[in-house]
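What follows is one structure encoded as C-alpha cells, with my remarks underneath.
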Amino acid sequence: MDDYSGEGARVLLVSHAFPPDVGGAQNVAIQNARALSREYDVEVLTGTPAASGWDDQSGFKVTRLNIPFGIWPLQYARAFKARSNRDYRAIIFNDPAAIYSAGLAAPSSLLKRGICYLHGSEPEFFFSSPRLIYRLVRFRHYFEHGLDRCRVIAPVSEFMKRKFVEQTGLYRLQSKMKAAYAGVDRNVFYPDPIEVRDRHDIEEDAEILLSASRLVERKGYSDMLGIFRDLREEGHPFHWLIAGDGPYRKTLLRDVERAGLSESVTWVGELTQDVLRQYYSSVDLFWLLSKFQEAFGLVYIEANACGVPVIGRERGGVREAIQDNKTGFLVADQTECKRALATQKYKEVETQDVLDWAESFDVEATAQRLQEIINEVASSTEPEKNT
1 MDDYSGEGAR VLLVSHAFPP DVGGAQNVAI QNARALSREY DVEVLTGTPA ASGWDDQSGF
61 KVTRLNIPFG IWPLQYARAF KARSNRDYRA IIFNDPAAIY SAGLAAPSSL LKRGICYLHG
121 SEPEFFFSSP RLIYRLVRFR HYFEHGLDRC RVIAPVSEFM KRKFVEQTGL YRLQSKMKAA
181 YAGVDRNVFY PDPIEVRDRH DIEEDAEILL SASRLVERKG YSDMLGIFRD LREEGHPFHW
241 LIAGDGPYRK TLLRDVERAG LSESVTWVGE LTQDVLRQYY SSVDLFWLLS KFQEAFGLVY
301 IEANACGVPV IGRERGGVRE AIQDNKTGFL VADQTECKRA LATQKYKEVE TQDVLDWAES
361 FDVEATAQRL QEIINEVASS TEPEKNT
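With full-length UniProt numbering applied, the sequence shown covers 1 to 387.
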C-alpha cells in the first residue's frame, strides 16, 4: 500500500467535543491529533471554547468555532464549505455531533474521505430511545446519512462494531467498518508508586483495591460494595480506594457508612491523570464491575500500564480489554469476583504480562492503525482525484 503521509499531507479532525472539555471522545480526539501531527499537517475543527492561549503548545492547528445561541450545525456548514476544495488525505469525524453535521452539510469532496468514529452509546441515544430534541432536528436521519456517505466507519472495538449493527439494523454499513481502538499514552501511564498507605492511614497488612470512574450506580458500585462488605465480614483485610465523582457519590458514601465500612473505604475524589497514575501504581488490584455494555475498557489498560492486575465484568468491550487469567480476570457475577478476591488469585498475575499487554495499546500502536486506515482512504480516493 502506498504511504500518503509526509510533509504537506493534510488531515482534518472534526470533533464538536474537545479539550478542555473532558470525556472519552475528547480523549480520543486529542490523542489522535497529537499522534497524527507527527506525520501530517493536522487541523482540529471544534465547537468547544477554550481560554486564550490554551492551544498554543498543541503542535497542531485548532480552529474553535464561534457558535452564537448554540446553533452549531450552521457554523459547521460554513466551515465545511470553506474547506471543500482543500486536498485532505482524510477527514476524521470524531463524535456524533461531527457526524450529524457532516451528514447535514458536508460536501461529497469531504465525506468521500471521511472516517467516522463510533464510541459506544450512539445506538441508545439516537436510535433506540432518542430524546425529543434529537427527533426534532432529525438527528438520526443526518447521522445515518453521514455514515452512509463516509469512506470508513471506525468503531472503538470489535464489540462496538457488532453492537452498532445489531441494535440499529444498519447491516449495510458493516463492510466499511474497521475497529480503531483507543490508546493509552505510556508517557502518562506507567509504574510510578507513592506511599499511599501513609497518605490515607491504611493498615500495613491490608490489600488495597482501587476503582476509578464516573460515580454512577451502573458502573457496578452497589455490587462491589456488597462484595467488599462480605469480604471484610469474613476477615479479609481489604481497603478500598474510590476515585471519581458523580451523582451516585452521596448514595455510595451513605451506604458505606451504614455498612460500618467508613474506616475501610476511602473516597479520594477526582484525580488528574498524573495523580491517577500514582494511585494505579500503588495498589494491589484495580476493579470495576460495570453493568454497562461498555464499548471498550480503556481504564483497565491504563491500570495495566501502571503494572497492576484488574478485575472486570465479562460483558461488552471489557472482554477485549482484559486477557482472562493473564492480565486480570473477567468475572460473570459477584460470586466469581468474591472468589478471585478472597483467594487473592490476582497475585498470580505476572507484572510483565500486564505491562506487555498495555504496550500493545500504546497510542503509537493505535495511531499506526489509524494511519493505515487513512492511507487506505487516500489510496481509494486517489483515482477519483485524477479523473
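From the three backbone atoms N, C-alpha and C, an ideal C-beta is built for every residue, glycine too.
Segment limits, beta strand (DSSP E) that includes residue 211 | Locating residue 211 in the sequence shown gives position 211, where the first residue counts as 1. 207-212 is the span of the beta strand (DSSP E), which, as asked, contains residue 211.
Over what stretch of residues does the alpha helix (DSSP H) that includes residue 99 continue unbroken?
-> Locating residue 99 in the sequence shown gives position 99, where the first residue counts as 1. DSSP places residue 99 inside the alpha helix (DSSP H), whose first and last residues are 96-105.
Compute the beta-carbon to beta-carbon distance between residue 184 and residue 298, rounded to the nearest angstrom, for a pair I have assumed lies under 8 Å.
-> The residue you call residue 184 lines up with position 184 of the sequence shown. The residue you call residue 298 lines up with position 298 of the sequence shown. Correct: roughly 7 Å between the Cβ atoms.
Does any residue of chain D bring its CB to less than 8 Å from the CB of residue 220?
-> No chain D is present in this structure, which holds just one protein chain.
Examine the Cβ distances between the region 362-377 and the region 167-185 and report whether three or more of them are shorter than 8 Å.
-> The answer is yes - the region 167-185 touches the region 362-377, with three or more Cβ pairs under 8 Å.
Can you round the beta-carbon distance between residue 379 and residue 151 to whole angstroms, since I take them to be within the 8 Å contact cut?
-> Counting from one through the sequence shown, the residue named residue 379 turns up at place 379. Counting from one through the sequence shown, the residue named residue 151 turns up at place 151. Contact annotation, residue 379 with residue 151: C-beta distance approximately 11 Å; criterion of less than 8 Å not satisfied.
Run of the beta strand (DSSP E) containing residue 10, from where it starts to where it stops | Within the sequence shown, the letter at position 10 stands for residue 10. Run containing residue 10: 10-14, per the beta strand (DSSP E) assignment.
Tell me where the beta strand (DSSP E) around residue 313 begins and ends.
-> On the sequence shown, position 313 is the one that residue 313 refers to. 310-313 is the span of the beta strand (DSSP E), which, as asked, contains residue 313.
Which listed residue (41, 296 and 224) has its alpha carbon closest to that of residue 163 = As a first step, residue 163 must be located in the sequence shown, where it is residue number 163. Sorting 41, 296 and 224 by C-alpha distance to the C-alpha of residue 163 places 296 at the top.
Spatial neighbours of residue 291 in its chain, beta-carbon cut-off 6 Å, leaving aside the 5 residues before and after | Within the sequence shown, residue 291 is the residue found at index 291, counting from 1. These residues qualify, in order along the chain: 218 and 220.
Could you name the residues of the same chain whose beta carbon sits closer than 8 Å to that of residue 128, not counting the 5 residues immediately before and after it, in chain order?
-> Position 128 of the sequence shown holds residue 128. Within the same chain, and ignoring the five residues on either side of residue 128 in sequence, the residues whose Cβ sits closer than 8 Å to its Cβ are 167.
Out of 273, 271 and 241, state which residue places its alpha-carbon closest to the alpha-carbon of residue 263.
-> Counting from one through the sequence shown, the residue named residue 263 turns up at place 263. Measuring from the Cα of residue 263, the nearest candidate turns out to be 241.
List the DSSP bridge partners of residue 64.
-> Against the sequence shown, residue 64 aligns to sequence position 64. BP columns for residue 64 point to 46.
What whole-angstrom Cβ distance do residue 11 and residue 42 have, given they're in contact under 8 Å?
-> Position 11 of the sequence shown holds residue 11. Position 42 of the sequence shown holds residue 42. Contact holds; Cβ gap of about 5 Å.
Take the Cβ of residue 318 as the centre, count every other Cβ of all protein chains shown within 10 Å, and call the residue buried at 16 or more, exposed below.
-> Here residue 318 refers to the residue found at position 318 of the sequence shown. So residue 318 ends up on the buried side.
Should residue 117 and residue 154 be called a contact, given that it needs their Cβ atoms to be closer than 8 Å?
-> To locate residue 117, count along the sequence shown from 1; it is residue 117. To locate residue 154, count along the sequence shown from 1; it is residue 154. In this structure, residue 154 lies closer than 8 Å to residue 117 by Cβ.
Based on the DSSP output, what are the partners of residue 114 in its beta bridges?
-> Your numbering for residue 114 matches position 114 in the sequence shown. Per DSSP, 91.
Can you give the beta carbon distance from residue 341 to residue 227, rounded, assuming they're within the 8 Å contact cut?
-> Residue numbering aside, residue 341 sits at position 341 when the sequence shown is read from its first letter. Residue numbering aside, residue 227 sits at position 227 when the sequence shown is read from its first letter. Yes, they are in contact, since the Cβ atoms of residue 341 and residue 227 sit about 7 Å apart, within 8 Å.
Within the chosen definition, does the region 269-289 reach the region 167-176 through at least 3 CB pairs nearer than 8 Å?
-> Output reads no: the region 167-176 does not touch the region 269-289.
Residue 41 in three-state terms, based on DSSP = Within the sequence shown, residue 41 is the residue found at index 41, counting from 1. It is a strand residue.
Go through its chain and collect everything with a Cβ distance to residue 173's Cβ below 7 Å, but skip five positions before and after it.
-> Taking the sequence shown and counting its residues from 1, one reaches residue 173 at position 173. Closer than 7 Å at Cβ, skipping near neighbours: 147, 153 and 165.
Through-space distance from residue 350 to residue 90, alpha-carbon basis | The residue given as residue 90 occupies position 90 in the sequence shown. The residue given as residue 350 occupies position 350 in the sequence shown. Those two C-alpha atoms are separated by around 41 Å.
Are residue 300 and residue 243 touching if we call contact CB-CB under 8 Å?
-> Here residue 300 refers to the residue found at position 300 when the sequence shown is read from its first residue. Here residue 243 refers to the residue found at position 243 when the sequence shown is read from its first residue. Going by C-beta atoms, residue 300 is not nearer than 8 Å to residue 243.
Unbroken stretches of the alpha helix (DSSP H), 4 residues or longer, contained in the region 150-194 | Whole alpha helix (DSSP H) segments, 4+ residues: 158-168.
In chain order, what residues of the same chain have a beta carbon less than 7 Å from the beta carbon of residue 214, not counting five sequence neighbours either side?
-> On the sequence shown, position 214 is the one that residue 214 refers to. Closer than 7 Å at Cβ, skipping near neighbours: 244 and 246.
Buried or exposed (CB count within 10 angstroms, at least 16 for buried), residue 272 | For the purposes of this step, residue 272 is taken as the residue at position 272 of the sequence shown. The C-beta of residue 272 has fewer than 16 other C-beta atoms within 10 Å across all chains shown, which makes the residue exposed.
Span separating the alpha-carbon of residue 48 from that of residue 106 = Reading the sequence shown from its first residue, position 48 is the one you call residue 48. Reading the sequence shown from its first residue, position 106 is the one you call residue 106. For the pair residue 48 and residue 106, the Cα-to-Cα distance works out to about 19 Å.
Return the chain-ordered list of same chain residues with a C-beta closer than 8 Å to the C-beta of residue 88, the five sequence neighbours on each side being excluded.
-> Residue mapping note: residue 88 aligns to position 88 of the sequence shown, counting from 1. Closer than 8 Å at Cβ, skipping near neighbours: 10, 11, 12, 110 and 113.
Any idea if residue 309 is buried or exposed, counting beta-carbon neighbours within 10 angstroms, 16 or more meaning buried?
-> Walking along the sequence shown from the start, residue 309 turns up at place 309. Classification for residue 309: buried.
In chain order, what residues of the same chain have a beta carbon less than 6 Å from the beta carbon of residue 334, not counting five sequence neighbours either side?
-> On the sequence shown, residue 334 is found 334 positions in, with the first residue counted as 1. Same-chain partners within the cutoff: 223 and 227.
Among residues of its own chain, excluding the 5 on either side of residue 188, which ones have a beta-carbon nearer than 8 Å to its beta-carbon?
-> Here residue 188 refers to the residue found at position 188 of the sequence shown. Result list for residue 188: 273, 274 and 277, in chain order.
How would you label residue 45, buried or exposed, when you count the other beta carbons within 10 angstroms and need 16 or more for buried?
-> Here residue 45 refers to the residue found at position 45 when the sequence shown is read from its first residue. Label assigned to residue 45: buried.
Same chain only: Cβ atoms within 6 Å of residue 145, ignoring 5 sequence neighbours per side = For the purposes of this step, residue 145 is identified with residue 145 of the sequence shown, where counting begins at 1. In chain order, 103 place their CB closer than 6 Å to the CB of residue 145, counting only its own chain and leaving out the 5 sequence neighbours on each side.
Hey, could you find the ends of the alpha helix (DSSP H) residue 77 is sitting in?
-> By 1-based counting over the sequence shown, the position of residue 77 is 77. Per DSSP, the continuous alpha helix (DSSP H) segment holding residue 77 begins and ends at 72-82.
C-beta atoms of residue 316 and residue 322 nearer than 8 Å | Looking up residue 316 in the sequence shown gives position 316. Looking up residue 322 in the sequence shown gives position 322. In terms of Cβ geometry, residue 316 and residue 322 do not form a close pair [threshold 8 Å].
Opposing strand residues paired with residue 119 [DSSP bridges] = Locating residue 119 in the sequence shown gives position 119, where the first residue counts as 1. DSSP lists no beta-bridge partner residue for residue 119.
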